[in-house]
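Undergrad: Throughout the sequence shown, residue numbering follows my numbering, covering 4 to 414 in sequence.
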Amino acid sequence: MRIISAIVFLFLSGCATYQSKVAPARDLLVNRQCDAALVSLEELSLKEDGDQLIHLLDYAGALQICGDFKKSNLIFLKAEKLADAVDYHSVSRIAGATLLNEEMVQYKGDTFEKLFLNASLALNFMQLGQFESALVEVRKINQKFLKYKAEEKKNFELSPFSKYLAALIWEADKKYDDACIDYKEAFLLDPLYRKIGVDMLRGCLKANRQQEFKQLAEKMNATDEEIKAAKNFEKTELILVFLQGWGPRKQPRFDAPAFPQLVGVNSDTHFLRADVLDQKQNILNSFQSEAVYSVEKAAIATLNADYNSLVARRVGARVAKEVVADQLRQRDNALGALAWVVMVGSERADLRQWSIYPKTVHIVRIPLKPGQHTIRLTGMDLYLNDSEKLPDLNVTIRAGEKKFQLVRSLK
4 MRIISAIVFL FLSGCATYQS KVAPARDLLV NRQCDAALVS LEELSLKEDG DQLIHLLDYA
64 GALQICGDFK KSNLIFLKAE KLADAVDYHS VSRIAGATLL NEEMVQYKGD TFEKLFLNAS
124 LALNFMQLGQ FESALVEVRK INQKFLKYKA EEKKNFELSP FSKYLAALIW EADKKYDDAC
184 IDYKEAFLLD PLYRKIGVDM LRGCLKANRQ QEFKQLAEKM NATDEEIKAA KNFEKTELIL
244 VFLQGWGPRK QPRFDAPAFP QLVGVNSDTH FLRADVLDQK QNILNSFQSE AVYSVEKAAI
304 ATLNADYNSL VARRVGARVA KEVVADQLRQ RDNALGALAW VVMVGSERAD LRQWSIYPKT
364 VHIVRIPLKP GQHTIRLTGM DLYLNDSEKL PDLNVTIRAG EKKFQLVRSL K
């Protein structure tokens, strides 16, 4: 009976689901109640339990949404250190995961989460104008990507986005040869995004690679409008990085409820319009965001690539359960049968995840004169109708500066 009691205790201790813990904080963020959301998420992140990594990621993501980029980076770095820890699994939790479900073991992070963590750090550093630190994070992404690729997890791509981030940073730092190279790699890895192709052409022109510009323009079948945009060199520019919507959420698989799948979250806002205002609040120029990366697509592909390893773990766990139940049956047939029912009945999908990263990433390039500017931001739906009003930006920009600004929509 002590074995049964231990199994039941492990089962009950894992019943409080992650999604139910963080849903109230997510709702607060949607309603722009940052202070209350951050208090809730910080409290969860301070608990040194098996879910600490996941709560650190959510807390860091919320800090980014709320504009505290320095503290966001501190928490992201703490999360990265925890994710990289070699041995922080407790014996009791490993036993719980084996005999009951995956939610009983310390959360180490999905493959994609470990990659996008560094992308988020890079974006924060870009916002802060710390380009060297941003490049360090981009290099970490590429190193991790090569490691996972070597482990035959080939059904996902974050590499194009890391190359694009690097190219943006090189361009802002006026290192145009490096920008041309990374823009080209990003576009050739994923030619779906025409915006990246235009940036590639512009970067190669700035590097004075005329012949390469012609070859790439022909390769991507660039339109006259795209070539004109590529030749438009703006020395002083505000670059909005629009983080749109919510990333996909974990749910039990329909065909195998003991395993998770990622399902997209619907959004009202799909695009961003940025209106540059004069002193009388009249619109001088308007600019619309263009997508450069689907976080949702990459996250789903990565989890699918991890599916076989998860199945293998659960098959091993099912064998372990049968061994334990059989040992109990040898003492008491009814007790063994009860143990089997409890252990198999406890199986459920591990729905823990970093749930605050965005659905897609867009870029808006806004040429400005040096000085102070007010930018009105409006979210738009799929049909380009207004869907939400975002806070205005008040920006001061220097001559020749490329200034990055993160903007997030949660609707």
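In this text, a Cβ means the ideal position worked out from N, Cα and C, and glycines have one as well.
Measure the CB-CB distance between G200 and Y179 and report whether it falls below 8 Å.
TA: Taking the sequence shown and counting its residues from 1, the one referred to as residue 200 is at position 197. Taking the sequence shown and counting its residues from 1, the one referred to as residue 179 is at position 176. No. Outside cutoff.
Undergrad: If you check the beta carbons only, do F79 and A301 fall under 8 Å apart?
TA: On the sequence shown, residue 79 is found 76 positions in, with the first residue counted as 1. On the sequence shown, residue 301 is found 298 positions in, with the first residue counted as 1. Going by C-beta atoms, F79 is not nearer than 8 Å to A301.
Undergrad: Suppose you measure from the CA of S390 to the CA of A88; what does that come to, to the nearest Å?
TA: Along the sequence shown, read from residue 1 onward, the residue named residue 390 stands at position 387. Along the sequence shown, read from residue 1 onward, the residue named residue 88 stands at position 85. Computed Cα separation, rounded: 43 Å.
Undergrad: Along the alpha helix (DSSP H) that carries K300, what are the first and last residues, could you check?
TA: Here residue 300 corresponds to residue number 297 of the sequence shown, with the count starting at 1. Note, K300: alpha helix (DSSP H), 298-308.
Undergrad: Would you mind sorting T464 into buried or exposed? The rule is 16 or more other CB atoms within 10 Å of its CB.
TA: Given a span of 4 to 414 for the chain in the structure shown, any question on residue 464 remains unanswerable.
Undergrad: For I359, which three-state DSSP category applies?
TA: Position 356 of the sequence shown, counted from the first residue, corresponds to residue 359. If DSSP states are grouped into helix, strand and coil, I359 belongs with coil.
Undergrad: On a CA-only basis, which of R197, D202, K198 is nearest I184? Give me that one, please.
TA: The residue given as residue 184 occupies position 181 in the sequence shown. When only C-alpha atoms are compared, the closest one is D202.
Undergrad: Going by Cα to Cα distance, which pick from E221, V295, F72, G403 is closest to A137?
TA: Here residue 137 is taken as the residue at index 134 of the sequence shown, counted from 1. The shortest C-alpha separation from A137 is found at F72.
Undergrad: So, at 6 Å on beta carbons, what are the nonlocal neighbours of P163 in its own chain, with the 5 sequence-adjacent residues on each side left out?
TA: In the sequence shown, counting from the first residue as 1, residue 163 sits at position 160. For P163, where only same-chain residues beyond five positions count, the Cβ hits under 6 Å are A189, L192, D193.
Undergrad: Run the CB neighbour count on T399, radius 10 Å, all protein chains shown included, and call it buried at 16 or more, exposed below.
TA: As a first step, residue 399 is located in the sequence shown; it is residue number 396 there, counting from the start. Exposed.
Undergrad: Work out the CA separation of G403 and A40 for me, nearest whole Å.
TA: For the purposes of this step, residue 40 is identified with residue 37 of the sequence shown, where counting begins at 1. For the purposes of this step, residue 403 is identified with residue 400 of the sequence shown, where counting begins at 1. Their backbone Cα atoms lie some 38 Å apart in a straight line.
Undergrad: Short of 8 Å in beta carbon distance, which residues of its chain neighbour S2, apart from the five on each side in sequence? Order them along the chain.
TA: Within the shown structure, residues of the chain are numbered from 4 to 414, placing residue 2 beyond reach of any answer.
Undergrad: Is the distance from the Cβ of L393 to the Cβ of T377 below 8 Å?
TA: By 1-based counting over the sequence shown, the position of residue 393 is 390. By 1-based counting over the sequence shown, the position of residue 377 is 374. Not closer than 8 Å, so no.
Undergrad: Give the straight-line distance between the Cα atoms of Q67 and L396, rounded to the nearest whole angstrom.
TA: The residue given as residue 67 occupies position 64 in the sequence shown. The residue given as residue 396 occupies position 393 in the sequence shown. Cα to Cα, Q67 sits roughly 16 Å from L396.
Undergrad: The alpha helix (DSSP H) that contains Q218, what's its start and end?
TA: As a working mapping, residue 218 is identified with position 215 in the sequence shown. Start and end: 213-222.
Undergrad: Sort A233, R212, D278, T272 by Cα distance to L241 and report the nearest one.
TA: Residue mapping note: residue 241 aligns to position 238 of the sequence shown, counting from 1. The shortest C-alpha separation from L241 is found at D278.
Undergrad: Measuring straight from C-alpha to C-alpha, what distance separates Q109 and T305?
TA: Taking the sequence shown and counting its residues from 1, one reaches residue 109 at position 106. Taking the sequence shown and counting its residues from 1, one reaches residue 305 at position 302. One Cα belongs to Q109, the other to T305, and the distance between them is close to 20 Å.
Undergrad: Run through the segment 143-182 for me and flag every whole alpha helix (DSSP H) of 4 or more residues, listed as ranges in chain order.
TA: 162-175
Undergrad: Using alpha carbons as the reference points, say which of I172, D54, G267, N388 lies closest to K111.
TA: Looking up residue 111 in the sequence shown gives position 108. Nearest C-alpha to K111: D54.
Undergrad: Beta-carbon within less than 8 Å of Y310's beta-carbon, same chain only, minus the 5 sequence neighbours each way: which residues are those?
TA: Mapped onto the sequence shown, residue 310 falls at position 307. Cβ within range, chain order: F262.
Undergrad: Taking contact to mean at least 3 C-beta pairs separated by less than 8 Å, is the segment 283-295 in contact with the segment 219-234?
TA: no
Undergrad: If you compare alpha carbons, which of Q214, N388, L243, R35 is closest to E293?
TA: Residue 293 sits at position 290 when you count from the first residue of the sequence shown. Answer by Cα proximity: L243.
Undergrad: Would you list the one or two residues that DSSP bridges to Q254?
TA: Translated into the one-based positions of the sequence shown, residue 254 becomes position 251. In DSSP, Q254 forms a bridge with Q264.
Undergrad: Within the same chain, show all residues whose beta-carbon is closer than 6 Å to that of A3, passing over the 5 residues directly before and after it, in chain order.
TA: The requested residue 3 does not occur in the structure, where the chain is confined to residues 4 to 414.
Undergrad: Sorry if obvious, but does the Cβ on L149 come closer than 7 Å to a heavy atom of the ligand ATP?
TA: As for the ligand ATP, it is missing from this structure, which has no ligand bound.
Undergrad: Any idea which residues DSSP pairs P394 with across the strands?
TA: If you number the sequence shown from 1, residue 394 lands on position 391. Paired residues: none, contrary to the question.
Undergrad: Under 8 Å, do Q254 and V266 count as touching if we go by C-beta distance?
TA: Your numbering for residue 254 matches position 251 in the sequence shown. Your numbering for residue 266 matches position 263 in the sequence shown. Yes, these two residues count as a Cβ contact at 8 Å.
Undergrad: Using CA coordinates, which residue listed in Q333, A122, E51, K24 is at the minimum distance from G64?
TA: Numbered from its first residue, the sequence shown carries residue 64 at position 61. Nearest of Q333, A122, E51, K24 to G64, Cα basis: A122.
Undergrad: Going by beta carbon distance, what residues of the same chain come within less than 7 Å of E51, once the five residues before and after it are set aside?
TA: Working through the sequence shown from its first residue, we reach residue 51 at position 48. If we look at E51 and ignore the five residues flanking it on each side, it has no Cβ neighbours.
Undergrad: With DSSP as the reference, identify every bridge partner of I369, one or two as the case may be.
TA: By 1-based counting over the sequence shown, the position of residue 369 is 366. Checking the DSSP bridge columns, you'll see I369 partnered with L241.
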